[in-house]
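Numbering (the working numbering), first residue to last: 129 to 472.
Don't be surprised by glycine CBs; every beta carbon is placed ideally from N, CA and C.
On a predicted model such as this, the values are computed, not experimentally measured, just so you know.
Each remark here refers to the structure printed beneath this line.
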């Protein structure tokens, strides 16, 4: 099949609807995701939509920790690529693509959901060649090509990736598939219990300050100042600090109402985020989890753009500057207070 580009909202005249229908009826569709948690959460609405469109269960090609966190709800079929470049770091040795292809088995359709030139895409092409699918679908990226190419005509990552679903159904709406991350029952019940202990009259602000990208961090002293000032104004709130970092934010004048939940399992953490009344944090997986759960939030952006990685579904404010050091406490406090007054 020669490469076909499909503009948003319409099908190429060379790609008839019947041909797309044939693709959806194949026995062995496979969907590839990269190894970053935030990207996987942004991709989740698309994978949900595709799972409903295809008549056969999807085989998900991704690291197991991604599958266990947010994709187990979609399909039971997993090919674990944890040791590959897709997991986010360069491997010490190149993967055995033949062995991976043998594990996957035959593939009729291979869909790459990653639209950017990332290290993971250096892994995808040889894997796809080893799998030899009848049809390949993806985005135009350097040094690679697909039989069917989805357009890059929107800014936000969630909408961009959802173009893969709209290839098959131009009327598909991302909002219909943008629900909160499904949490395993044990973690869900524990999150509910923690939230219930706070009491119905008390509201929860979730704070996520850590990231492995130094340039995306906001100074901890400013987070502490922000919490002191916000909590002193809003006596009906407590703050929960979530993430995998070591940020000691419960040291200010309002420290008795700042509770650390750092280092918890990610599924439980996302359950806590989904149960909150308000969110503030840096560009991260927790921001995307809050967004899907429709938790009103303030996103802090410096090196990345909120038009691509910010809130998409929930009520929100973005503080968008050139560097994180340029973000003032006053700006964030004003945005957080406005959201609390309007939605919390």
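Residue 277: which of 295, 362 and 283 sits nearest, CA to CA? By 1-based counting over the chain shown, the position of residue 277 is 149. Ranked by Cα distance from residue 277, the first of 295, 362 and 283 is 295.
Going along the chain, which residues of its own chain have a beta-carbon closer than 8 Å to the beta-carbon of residue 254, five neighbours each way excluded? Position 126 of the chain shown, counted from the start, is the residue given in the question as residue 254. Excluding sequence positions up to five before and after residue 254, its CB lies within less than 8 Å of the CB of 225, all in the same chain and listed in chain order.
To the nearest angstrom, how far is it from the Cα of residue 412 to the Cα of residue 451? In the chain shown, the residue the question calls residue 412 occupies position 284. In the chain shown, the residue the question calls residue 451 occupies position 323. Going by the C-alpha atoms only, they are around 16 Å apart.
Below 6 Å CB to CB, which residues in the same chain sit around residue 165 once its five sequence neighbours on both sides are set aside? For the purposes of this step, residue 165 is identified with residue 37 of the chain shown, where counting begins at 1. Cβ contact annotation for residue 165 (same chain, cutoff 6 Å, sequence separation greater than five): 413, in chain order.
Determine the closest residue to residue 285 out of 355, 441, 330 and 270, with distance taken between C-alpha atoms. Position 157 of the chain shown, counted from the first residue, corresponds to residue 285. Considering only alpha carbons, the answer is 441.
From the DSSP output, read off the bridge partner residues of residue 387. In the chain shown, counting from the first residue as 1, residue 387 sits at position 259. 368, per the DSSP bridge assignment.
Count the other CB atoms, across all protein chains shown, that sit within 10 Å of the CB of residue 360; report buried if there are 16 or more and exposed otherwise. Stepping through the chain shown from its first residue, residue 360 is reached at position 232. Under the 10 Å beta carbon count, residue 360 is surrounded by fewer than 16 other beta carbons and is classified as exposed.
So who's on the other strand from residue 267, going by DSSP bridges? In the chain shown, counting from the first residue as 1, residue 267 sits at position 139. As DSSP reads the structure, residue 267 sits in a beta bridge with 278.
Identify the residues that DSSP records as bridge partners of residue 157: which are they? Mapped onto the chain shown, residue 157 falls at position 29. Answer by DSSP bridge pairing, in chain order: 237.
Rank 152, 379 and 404 by C-alpha distance to the C-alpha of residue 322 and give the top, closest one. For the purposes of this step, residue 322 is taken as the residue at position 194 of the chain shown. Per the Cα distances, 404.
Could you tell me which of 363, 301, 334 and 345 sits nearest to residue 388, measuring between CA atoms? Along the chain shown, read from residue 1 onward, the residue named residue 388 stands at position 260. Looking only at 363, 301, 334 and 345, the smallest Cα-Cα distance to residue 388 is reached by 334.
Restricting to Cα atoms, I'd like to know which of 265, 363, 421 and 354 is closest to residue 305. Here the question's residue 305 lines up with position 177 in the chain shown. Closest in C-alpha terms to residue 305, from the list 265, 363, 421 and 354, comes 421.
Does DSSP put residue 215 in a helix, a strand or coil? On the chain shown, position 87 is the one that residue 215 refers to. A caution first: residue 215 carries a pLDDT of 48, below 50, which makes its placement in the model unreliable, though a value can still be read off. Reduced to three states, the DSSP call for residue 215 is helix.
Straight-line gap, residue 215 to residue 190 (C-alpha atoms, nearest Å): Taking the chain shown and counting its residues from 1, one reaches residue 215 at position 87. Taking the chain shown and counting its residues from 1, one reaches residue 190 at position 62. Unreliable placement is indicated for residue 215, whose pLDDT of 48 sits below 50; no coordinate value is reported for it.
Going by alpha carbons, who is nearest to residue 232 out of 369, 257, 354 and 250? To locate residue 232, count along the chain shown from 1; it is residue 104. The shortest C-alpha separation from residue 232 is found at 257.
Where residue 455 sits in the DSSP three-state scheme: On the chain shown, residue 455 is found 327 positions in, with the first residue counted as 1. Three-state DSSP puts residue 455 in coil, outside helix and strand.
Where the beta strand (DSSP E) through residue 195 begins and ends: One-based indexing of the chain shown puts residue 195 at position 67. For residue 195, there is no enclosing beta strand (DSSP E), since its DSSP letter is neither H nor E.
Is residue 187 buried or exposed, if buried means 16 or more other CB atoms sit within 10 Å of its CB? Mapped onto the chain shown, residue 187 falls at position 59. It is buried - the Cβ of residue 187 has at least 16 other Cβ atoms within 10 Å.
Any contact between the region 426–441 and the region 313–328? By contact I mean 3 or more CB pairs, one from each, below 8 Å. Contact fails: fewer than three Cβ-Cβ distances are below 8 Å.
Pick from 159, 455, 471 and 385 that is closest to residue 292, judged by C-alpha positions: For this step, residue 292 is matched to residue 164 along the chain shown. The closest CA to that of residue 292, considering only 159, 455, 471 and 385, is found on 159.
Which stretch, first to last residue, makes up the alpha helix (DSSP H) that contains residue 377? On the chain shown, position 249 is the one that residue 377 refers to. Run containing residue 377: none; DSSP gives neither H nor E here.
Measure how close the beta-carbons of residue 390 and residue 374 come, nearest whole angstrom, since I'm counting them as under 8 Å. As a first step, residue 390 is located in the chain shown; it is residue number 262 there, counting from the start. As a first step, residue 374 is located in the chain shown; it is residue number 246 there, counting from the start. Between residue 374 and residue 390 the Cβ distance is about 7 Å, and since that is below 8 Å, they are a contact.
Helix, strand or coil for residue 166, going by three-state DSSP, please let me know. Counted from its first residue, the chain shown places residue 166 at position 38. Of the three classes helix, strand and coil, the one that applies to residue 166 here is helix, per DSSP.
Quick check on the burial criterion: 16 or more other C-beta atoms within 10 angstroms. Buried or exposed for residue 469? In the chain shown, counting from the first residue as 1, residue 469 sits at position 341. Exposed, since its Cβ has fewer than 16 Cβ neighbours within 10 Å.
Counting beta carbon pairs with one atom in the region 392–410 and one in the region 339–351, are three or more of them shorter than 8 Å? As far as the Cβ criterion goes, the region 339–351 touches the region 392–410, which means the pair count is three or higher.
By a C-beta neighbour count over all protein chains shown, 10 Å radius and 16 as the cutoff for buried, is residue 343 buried or exposed? Counted from its first residue, the chain shown places residue 343 at position 215. Counting Cβ neighbours within 10 Å, residue 343 comes out exposed, since fewer than 16 surround it.
Inter-residue Cα distance where the pair is residue 385 and residue 273: Taking the chain shown and counting its residues from 1, the one referred to as residue 385 is at position 257. Taking the chain shown and counting its residues from 1, the one referred to as residue 273 is at position 145. Computed Cα separation, rounded: 53 Å.
Please list the terminal residues of the continuous beta strand (DSSP E) segment that includes residue 429. Sequence index remark: in the chain shown, residue 429 carries index 301 (1-based). From DSSP, the beta strand (DSSP E) with residue 429 extends over 425–429.
Looking at residue 245 and residue 209, is the spacing between their C-beta atoms short of 7 Å? Here residue 209 is taken as the residue at index 81 of the chain shown, counted from 1. Here residue 245 is taken as the residue at index 117 of the chain shown, counted from 1. Not closer than 7 Å, so no.
Could you check what DSSP says for residue 72 in three-state terms: helix, strand or coil? Here the chain comprises residues numbered 129 to 472, so residue 72 is not present and cannot be evaluated.
Skipping 5 residues on each side, what residues in its chain have a beta carbon closer than 7 Å to that of residue 192? The count along the chain shown starts at 1 and reaches residue 192 at position 64. Contacts found: 206, 208 and 210.
Taking the continuous alpha helix (DSSP H) assigned at residue 358, which residues delimit it? In the chain shown, residue 358 corresponds to position 230, counting from 1. Counting along the chain, the alpha helix (DSSP H) containing residue 358 begins and ends at 348–361.
Inter-residue spacing [alpha-carbon to alpha-carbon] between residue 433 and residue 229: The count along the chain shown starts at 1 and reaches residue 433 at position 305. The count along the chain shown starts at 1 and reaches residue 229 at position 101. Near 36 Å, if we compare the C-alpha coordinates of residue 229 and residue 433.
Count the other CB atoms within 10 Å of the CB of residue 271; is the residue buried (16 or more) or exposed (fewer)? For the purposes of this step, residue 271 is taken as residue 143 along the chain shown, with counting starting at 1. By the 10 Å Cβ count, residue 271 comes out exposed.
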